[in-house]
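Counting from 6, one number per residue, gives the positions in the sequence shown under this note's numbering.
All residues carry an ideal CB built from backbone N, CA and C; glycine is no exception.
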Amino acid sequence: MARLTKKQKEARAKVDKNKLYSLEEASALLKEITYTKFDASVDIAVRLGVDPRKANQMVRGVVSLPHGTGKDMKVLALVTPDKEQEAKDAGADYVGLDEYLEKIKNGWTDVDVIVTMPAIMGKLGPLGRVLGPRGLMPNPKTGTVTMDVAKAVAEVKAGKIDFRVDKTGIVHAPIGKASFSADKLMENANELLTTLIKMKPVAAKGVYVKSIFMSSTMSPSISIDTKIG
Numbered sequence: 006m007a008r009l010t011k012k013q014k015e016a017r018a019k020v021d022k023n024k025l026y027s028l029e030e031a032s033a034l035l036k037e038i039t040y041t042k043f044d045a046s047v048d049i050a051v052r053l054g055v056d057p058r059k060a061n062q063m064v065r066g067v068v069s070l071p072h073g074t075g076k077d078m079k080v081l082a083l084v085t086p087d088k089e090q091e092a093k094d095a096g097a098d099y100v101g102l103d104e105y106l107e108k109i110k111n112g113w114t115d116v117d118v119i120v121t122m123p124a125i126m127g128k129l130g131p132l133g134r135v136l137g138p139r140g141l142m143p144n145p146k147t148g149t150v151t152m153d154v155a156k157a158v159a160e161v162k163a164g165k166i167d168f169r170v171d172k173t174g175i176v177h178a179p180i181g182k183a184s185f186s187a188d189k190l191m192e193n194a195n196e197l198l199t200t201l202i203k204m205k206p207v208a209a210k211g212v213y214v215k216s217i218f219m220s221s222t223m224s225p226s227i228s229i230d231t232k233i234g
């Protein structure tokens, strides 16, 4: 087992493992226990009382974080020529169609989000084995398959994120950077959690939000009170 560094020990000592912190407390504490030299990412992990194997208990959606993620999201717009300028003007990093379909077919996935049009989805079907495992397949439910390409690109660039429950019943999502103020982290976290609570499947029985943890890159995790709304 690797030995803890002095900074790791100091960070762990500041977190009371037996306490459920409020979002406000957790956001402030996280800034104290983040010791990386780079601007660490801040994430939330929410364990839900759902069975993701059942279609009527799948939780998937989007949320626009009020303060963004702090990350420059790389967006690929797969569009027809008449939509290319629209996508570029909205801030898409890569714009085109056939040349990028070929690149993806050969394994290229160096983007965070793909936005496309309904008419293009047929061409993306055969690439599901490349895009699916990486969470890059566009989906009408998340607003990434649309005729309003400019709006979709602009929203992603502004901090709109896609989330879904994994096979273990946990939703992992980024809510900012360690350089954010505690208030901004709290407001982003609250927006995500409020959205998740509203999405409780009718078929989900018992406790819906089982646990919430907030952490930054390499920091200890902070347990958050699930009674947030």
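Is DSSP giving residue i helix, strand or coil here?
i	result
Tyr26	strand
Met142	coil
Arg17	helix
Ser32	helix
Val154	helix
Gly75	coil
Gly127	helix
Val135	helix
Tyr213	coil
Tyr105	helix
When the cut-off is 8 Å and only beta carbons count, does residue i lie next to chain C?
i	result
Val100	The structure shown contains no chain C; it is built from a single protein chain.
Which same chain residues, not among the five before or five after residue i, have their C-beta less than 7 Å away from its C-beta?
i	result
Ala16	Ile38, Tyr40, Ser224 and Pro225
Val212	Gly54
Lys205	Tyr213
Pro71	Glu192, Asn193 and Glu196
Lys19	Leu34, Glu37 and Ile38
Where DSSP assigns a beta bridge to residue i, which residues make up the other side?
i	result
Thr119	Inspection of the sequence shows that residue 119 is occupied by Ile rather than by Thr. Leu81, per the DSSP bridge assignment.
Lys172	Partner(s): none; Lys172 has no beta bridge.
Ala50	His177 and Phe218
Ser69	Lys165
Lys182	Ser46
Ile227	Met219
Tyr99	Leu81
Could you round the C-beta distance between residue i and residue j to whole angstroms and report it? I think they count as a contact, below 8 Å.
i	j	result
Ser5	Val47	In the structure as shown, the chain starts at 6 and stops at 234, and residue 5 therefore has no counterpart that could be examined.
Leaving aside the five residues before and after residue i along the sequence, list all residues of the same chain whose C-beta is less than 6 Å from its C-beta, in chain order.
i	result
Phe168	Val176 and Ala178
Pro143	Ile119, Thr121, Thr149 and Val150
Ala50	Ile175, His177 and Phe218
Given this structure, state the Cα-to-Cα distance separating residue i from residue j, to the nearest angstrom.
i	j	result
Arg139	Leu132	11 Å
Val170	Ile217	13 Å
Thr231	Gly101	44 Å
Glu89	Glu104	13 Å
Ala209	Gly73	30 Å
Tyr26	Leu201	19 Å
Pro145	Asp94	22 Å
Ile180	Leu190	7 Å
Counting only the same chain and skipping the five closest in sequence on each side, list residues whose C-beta sits under 8 Å from that of residue i.
i	result
Asn61	Pro206, Val207 and Ala208
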